[in-house]
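Asker: Take this structure, written in structure tokens, and hold onto it; I'll ask about it next.
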Amino acid sequence: MSTPAIQAALQQMQGMATQAASTQPLISGAQASAAVGQGGFGGELQASIQRINRLQQTANSQAMAFQAGDPDLQLNDVMVDMQKASVAFQMGLQVRNRLVSAYRDVMNMQV
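For the sequence shown, my numbering gives the first residue as 877, with consecutive numbering after it.
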């Protein structure tokens, strides 16, 4: 990468950092910790699993209805919902993998 390209990239990153610093957060840190603190990590994990399950069930029911010839469903809507469910499942799988990895790291620590 040439020096002018690096300088341009740095200027762009600095501009983005300035823009991000000037925006107001949607919720404060105290509000975020209070929202998570009520249900805890286990509650958030359970809610995420339920959302993933709901997305998959919706996508599967739409696919079955489309195959049955439902005139209200379009193929593109079914495909978009199937992809949403797939992405949500992959995200859940990656979270699970990270949790297992963190658990193994903690268990392998010497006391």
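Note that beta-carbon positions come from the ideal geometry of N, C-alpha and C, so glycine has one too.
By DSSP, does residue 921 sit in helix, in strand, or in coil?
Answerer: Numbered from its first residue, the sequence shown carries residue 921 at position 45. If DSSP states are grouped into helix, strand and coil, residue 921 belongs with the helices.
Asker: Take residue 939 and list the residues in its own chain whose beta-carbon comes closer than 6 Å to its own, dropping the five residues that flank it on each side.
Answerer: In the sequence shown, counting from the first residue as 1, residue 939 sits at position 63. So the list reads 954, once near-sequence residues are dropped.
Asker: Would the segment 951–970 count as touching the segment 925–943 if we require 3 or more Cβ pairs under 8 Å?
Answerer: Yes: at least three Cβ pairs fall under 8 Å.
Asker: Helix or strand or just coil, what does DSSP make of residue 880?
Answerer: Indexing the sequence shown from 1 puts residue 880 at position 4. Three-state DSSP puts residue 880 in a helix.
Asker: Consult DSSP for residue 950 and reduce its assignment to one of helix, strand or coil.
Answerer: Here the question's residue 950 lines up with position 74 in the sequence shown. DSSP places residue 950 in coil when its eight states are reduced to three.
Asker: Any chance the segment 961–979 sits against the segment 913–931, with 3 or more Cβ pairs inside 8 Å?
Answerer: Touching, yes, given that three or more Cβ pairs across the two stretches are closer than 8 Å.
Asker: Counting only beta-carbon separations shorter than 8 Å, does residue 928 have a partner in chain B?
Answerer: In the displayed structure, chain B is absent; only one protein chain is listed.
Asker: Take every Cβ of the segment 970–983, pair it with every Cβ of the segment 945–954, and state whether three or more of those distances are shorter than 8 Å.
Answerer: They do not touch, by the three-pair rule.
Asker: If you drop the 5 nearest sequence neighbours on each side, which residues of the same chain put their C-beta closer than 8 Å to that of residue 982?
Answerer: Here residue 982 corresponds to residue number 106 of the sequence shown, with the count starting at 1. Nothing listed; no residue qualifies.
Asker: Under 8 Å, do residue 951 and residue 941 count as touching if we go by C-beta distance?
Answerer: Here the question's residue 951 lines up with position 75 in the sequence shown. Here the question's residue 941 lines up with position 65 in the sequence shown. Not closer than 8 Å, so no.
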